[in-house]
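Enquirer: Take a look at this one; I'll ask things after.
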Amino acid sequence: MALALALGRRGLGRTWPNPAVGAVIVRRDGDVPLIVGRGWTQPGGRPHAEIEALRRAGEAARGATLYVTLEPCSHHGKSPPCADAVIAAGVARVLSALEDPNPEVAGAGHARLRAAGVAVEIGVGAEEARHDHAGHVQRMRDGRPHVALKLAISADGKVAAAGRRPVAITGEAVRDRVHLMRAQSDAVMIGIGTALADDPLLTCRLPGMEASSPVRIVLDAGLRLPLGSRLVRSARETPVWVIAGAGDSRDTERALAAEGVKVVRAADADGLLELASTLKLIAALGITRLMVEGGPTLAAALLAADLIDEAVLFHSPKVVGADGIDPLEGMPLAALTESPRLKCVAREAVGPDMRTVFERR
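All residue numbers for the sequence shown refer to this note's numbering, where the first residue is 1 and numbers rise by one.
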């Protein structure tokens with residue numbers, strides 16, 4: 001199952017709206033277990049992991065054991081049910097880490113396997129699988145993506161220089177880690193303030209992984225994103241979605257669309273986007289794993305609305321200065337680090353910087 005989980009992680013950020021599943025088929029050669037098939041969900045969500053593993057195993061799957069990180073599907077979507085393929089291949093036993101929370105599955109895949117005489121065991125590797133499938137679970141359960149907030153914080157507790165000017169806070173090792181986080185996310189989101197102040201690109205620029213860049217999302221109620229920004233200029237290479245208010249600015253919308261930007265209108269109140277409904281809209285578009293990179297106003301709003309599922313803080317020994325910008329607009333950092341809803345689960349050095357991870361309790 002550990003191998004199946006590792007294989008499944010290859011698809012993180014690349015399979016939405018489908019979960020990134022891993023599968024391993026094992027048979028015994030005497031007393032020695034032999035792996036005869038491995039698979040993981042392919043880019044775009046198909047083929048599914050089980051189908052890939054069965055294809056590689058061929059006839060060797062008959063009488064074998066399938067280890068899979070999520071319940072095999074039982075419904076007809078864009079492809080036939082994986083449970084039927086497992087049965088047809090003659091697999092004798094299935095070890096599944098989790099029941100699929102998708103209401104179209106929700107135990108029906110396991111039931112179909114059992115009805116066909118396949119032995120089914122559920123729960124091996126469940127804790128790790130829940131972490132890896134957090135986006136899928138969140139989208140199925142609450143209708144929104146799993147939200148992971150990233151903050152880079154200086155030794156004096158700042159995230160930007162005076163006037164919201166961007167400043168390099170963390171080192172190259174953290175930069176590489178952040179780019180990997182982007183690659184494993186379906187989308188990365190910022191507010192319009194960060195887009196205007198930083199003119200970021202928000203792609204994954206690790207060597208050989210440029211194609212793994214996430215969808216870039218800007219919350220921009222008034223459609224202020226400049227046509228000359230790096231986001232707009234790169235929209236035809238890596239998707240950019242702008243979540244706008246319900247107001248006018250149709251000429252600006254057409255101009256952005258002409259550059260390849262997808263403008264999505266959301267209901268607004270007093271000119272501001274309501275975060276809970278905006279996240280549901282993003283989930284309806286297929287996003288399951290959402291990384292948030294800024295800025296302080298958006299981070300504070302998400303925390304106040306109890307919409308942060310994971311927070312990754314990179315602390316640097318560098319000093320920005322007393323006139324720098326705080327990480328959370330209008331609230332102390334302790335509102336996050338000491339929140340009763342978030343628990344510190346990991347802490348490690350990343351080069352000269354420190355990475356601390358909080359997860360929803």
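Quick reminder that beta carbons are idealized off the backbone N, C-alpha and C, glycines included.
Please read these numbers as outputs of a predicted model, since none were measured by experiment.
Please classify Leu98: does DSSP put it in a helix, a strand, or coil?
Expert: In this structure, Leu98 counts as coil in the three-state DSSP scheme.
Enquirer: Going by beta-carbon coordinates alone, are Thr194 and Thr238 separated by less than 8 angstroms?
Expert: Against a cut-off of 8 angstroms, the Cβ pair of Thr238 and Thr194 comes out as no contact.
Enquirer: Return helix, strand or coil for Gly37, following the three-state DSSP convention.
Expert: Strand.
Enquirer: Hey, Leu219 and Gly247 are a contact pair by Cβ (cut 8 angstroms); roughly how many whole angstroms apart?
Expert: In fact, because the Cβ distance is near 14 angstroms, the residues do not count as touching under 8 angstroms.
Enquirer: Just curious, the beta strand (DSSP E) that Lys280 is in, first and last residue?
Expert: Here Lys280 belongs to no beta strand (DSSP E); instead the alpha helix (DSSP H) covers 275-284.
Enquirer: Pull up the CB-CB distance for Ala65 and Ala88, whole angstroms please, since I reckon it's below 8 angstroms.
Expert: For the record, residue 65 in the displayed sequence is Thr; it is not Ala. No, Thr65 and Ala88 are not in contact; Cβ-Cβ is about 16 angstroms, not under 8 angstroms.
Enquirer: For Lys280, which residues of its own chain have a beta-carbon under 6 angstroms away from its beta-carbon, when the five flanking residues on both sides are left out?
Expert: Same-chain partners within the cutoff: Gly143, Arg144.
Enquirer: Is there contact between the segment 273-290 and the segment 311-321, where contact requires at least three CB pairs shorter than 8 angstroms?
Expert: With the cut-off at 8 angstroms, the segment 273-290 and the segment 311-321 do not touch.
Enquirer: List the endpoints of the continuous beta strand (DSSP E) containing His313.
Expert: Looking at the sequence itself, residue 313 is Leu, so the reference to His does not match. Residues 310-315.
Enquirer: Cutting at 8 angstroms between CB atoms, please list the residues of its own chain near Thr297, excluding the five before and the five after it.
Expert: Result list for Thr297: Gly191, Gly193, Glu329, in chain order.
Enquirer: Which first and last residues belong to the alpha helix (DSSP H) in which Asp353 is found?
Expert: Careful: Asp353 lies outside any alpha helix (DSSP H), inside the beta strand (DSSP E) at 353-360.
Enquirer: For Leu227, does the count of other Cβ atoms within 10 angstroms reach 16, so buried, or fall short, so exposed?
Expert: Exposed: under 16 other Cβ atoms inside 10 Å.
Enquirer: CA-CA distance, Ile122 and Ser154?
Expert: Near 45 angstroms, if we compare the C-alpha coordinates of Ser154 and Ile122.
Enquirer: Any idea if Asp132 is buried or exposed, counting beta-carbon neighbours within 10 angstroms, 16 or more meaning buried?
Expert: With 16 or more Cβ atoms within 10 Å of its Cβ, Asp132 is classed as buried.
Enquirer: Quick check: what's the CA-CA separation for Ala60 versus Leu3?
Expert: Whole-angstrom Cα-Cα distance: 19 angstroms.
Enquirer: Just list the alpha helix (DSSP H) runs in the segment 116-153, keeping only unbroken ones of 4 residues or longer that don't cross its boundaries, in chain order.
Expert: Runs of the alpha helix (DSSP H) inside the segment 116-153: 126-132, 134-142.
Enquirer: Note the first and the last residue of the continuous beta strand (DSSP E) segment covering Ile217.
Expert: It spans 215-219 - the beta strand (DSSP E) in which Ile217 sits, taken as one unbroken run.
Enquirer: Pairs of beta-carbons, one from the segment 12-30 and one from the segment 45-53, closer than 8 angstroms: are there three or more?
Expert: Yes: at least three Cβ pairs fall under 8 angstroms.
Enquirer: Does the beta-carbon distance from Ala49 to Gly8 come in below 8 angstroms?
Expert: Cβ distance < 8 angstroms, so Ala49 and Gly8 count as in contact.
Enquirer: Between the C-alpha atoms of Leu196 and Ser229, what's the straight-line distance to the nearest angstrom?
Expert: Using only the alpha carbons, I get a separation of about 8 angstroms.
Enquirer: Do His146 and Asp309 have their C-beta atoms closer together than 8 angstroms?
Expert: Yes, the Cβ-Cβ distance between His146 and Asp309 is below 8 angstroms.
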